[in-house]
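Everything below concerns the one structure shown next.
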Amino acid sequence: MITTATTPTPAVNRIGLSRADYTGASSTLCNGCGHYAIANVIIDAVYSLGLDPTRIAKISGIGCSSKSPAYFLGRSHSINSLHGRMPSIATGATTVNRELIALGVSGDGDTGSIGLGQFKHLLRRNVDMVYLIENNGVYGLTKGQLSATADLGQKQKHGGLNEIPPIDLCLEAIIAGCGFVAQSFAGDPKQLQTLIKAAFSHRGTAVLNIISPCVSFNNGEGSTKSYVWGREHELPLHEINFIPLEHDQIQAVYEPGTIRDVTLHDGSIIRLKKTDQEYDPTDRMAAISLLEQGRASQLFTTGLLYINEERKTVVEREKLVATPLVHLPDSTLRPPPAALDKMMAEYL
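Put into structure tokens, the structure is as follows:
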């Protein structure tokens with residue numbers, strides 16, 4: 018009997034795409050770079066959610082972090098903007114086309130130094146997007162100078178100690194009114210993937226600060242952005258599960274008081290299982306206090322720090338029509354000449 022070998026059918030997600038459909042170009046980052054680990058987690062998260070990659074707009078600034086979008090979601094739109102100016106591009110793109118799923122990728126320099134002003138105003142407006150900060154504490158493209166997130170006393174690879182207090186980007190986000198603030202570690206892909214999935218279901222800006230070690234310039238002894246330090250000092254707030262809307266019939270039985278469910282606007286659920294401490298992620302002041310305590314105790318607190326689903330997005334606040342502006346004809350977008358003449362006459 019003659020048998021014919023068959024090729025196994027690749028696994029596909031709910032929209033019929035394989036994981037390979039969510040990959041990108043080959044990486045040119047240093048071997049072991051945390052940014053590439055994050056790129057792989059993004060691929061897994063978006064594939065698992067079954068998001069249409071052609072609806073996703075990847076937006077970045079300048080730096081090693083802003084190179085990384087080339088390595089995932091090759092079918093998506095991609096805009097590599099100016100240093101620190103990614104928030105402006107994201108605001109414009111999502112305002113004129115509300116159908117886009119915006120994914121911003123930035124770094125500690127791109128967000129915490131030259132882009133800090135733009136970052137804060139993006140949060141005030143509550144632009145509907147996922148904002149990932151790949152935080153390594155140094156400027157890897159320009160040979161390892163310390164960034165604005167480097168801790169006091171941190172030593173540069175090529176000499177010199179940091180004498181300036183760091184900027185806590187999670188704290189900045191909470192103070193600016195961001196409704197989803199989380200923190201994770203490139204060396205903890207399971208937690209990171211869950212948080213990224215939840216961020217895509219949040220309405221408004223979702224900020225995720227990720228410690229992403231720079232293996233070339235900031236992964237040695239004494240670095241608070243290294244793999245070793247992250248593993249030894251990480252303090253997970255909770256065990257996290259994300260339950261998409263179509264799977265919300267899945268229920269598990271837990272002892273009373275050990276579980277907290279946070280329902281997102283689309284019906285998805287973030288399920289937080291308590292570890293060894295009580296923590297309420299809807300308490301804004303508790304989140305601020307937690308970050309301050311972590312800084313004083315040299316602890317790297319990870320998980321969902323703060324969530325608030327009540328704020329309106331910029332699209333909702335400006336009462337934009339349901340049809341994306343890019344699909345409206347000029348006759349609809351532009352008032353007729355008579356209306357302009359009347360407006361100018363009243364103004365003058």
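Numbering-wise (the numbering used here), the sequence shown opens with residue 18 and increments by one.
Idealized CB from N, CA, C, for every residue including glycine.
Only a predicted model underlies this, so the values are computations on that prediction, with no experimental measurement involved.
Bridge partner(s) assigned by DSSP for G121: Beta-bridge pairing links G121 to I76 and Y148.
C-beta atoms of G221 and N143 nearer than 8 Å: In this structure, G221 places its C-beta atom within 8 Å of the C-beta atom of N143.
Cross-strand partners of I286 (DSSP beta bridge): I260 and T280, per the DSSP bridge assignment.
6 Å Cβ shell around A304 - same chain, five flanking residues per side excluded: Excluding its 5 nearest sequence neighbours in each direction, A304 has C-beta neighbours in its own chain below 6 Å: I191, L322 and Y323, listed in chain order.
Completely contained alpha helix (DSSP H) runs for the segment 166-231, where each covers 4 or more residues: Along the segment 166-231, the alpha helix (DSSP H) occurs as fully enclosed runs of 4 or more residues at 186-192 and 206-218, listed in sequence order.
Counterpart residues of S95 in DSSP-defined beta bridges: By DSSP's assignment, S95 forms a beta bridge with K75.
Euclidean distance between Cα positions of D358 and R351: CA-to-CA, the gap between D358 and R351 works out to about 13 Å.
Contact under 8 Å by Cβ, I227 with I150: At the C-beta level, I227 and I150 come within 8 Å of one another.
Ranges of the beta strand (DSSP E) found wholly within the segment 314-352, counting only runs of at least 3: If we require 3 residues or more, the beta strand (DSSP E) runs fully inside the segment 314-352 come out as 317-324.
Buried/exposed call for Y364, threshold 16 Cβ in 10 Å: The residue in question, Y364, is exposed, as its Cβ has fewer than 16 Cβ neighbours within 10 Å.
Sub-8 Å separation of L140 and A199 beta-carbons: Not closer than 8 Å, so no.
Inter-residue Cα distance where the pair is P182 and L117: Spanning the two alpha carbons is a distance of roughly 37 Å.
Identified DSSP bridge partners for P253: Beta-bridge pairing links P253 to T319.
Residues sharing a beta bridge with A155, DSSP: Here residue 155 is Val; the residue named in the question, Ala, does not match the sequence. In DSSP, V155 forms a bridge with L163.
Closer than 7 Å: P182 CB and nearest the ligand MN heavy atom: Looking at this structure, you won't find the ligand MN or any other ligand, since it has none at all.
Touching by the beta-carbon criterion (3+ pairs, under 8 Å), the segment 273-288 and the segment 302-319: The answer is no - the segment 302-319 does not touch the segment 273-288, with fewer than three Cβ pairs under 8 Å.
Within 8 Å, strictly: CB atoms of A54 and P253: For the 8 Å CB-CB criterion, A54 and P253 do not form a contact.
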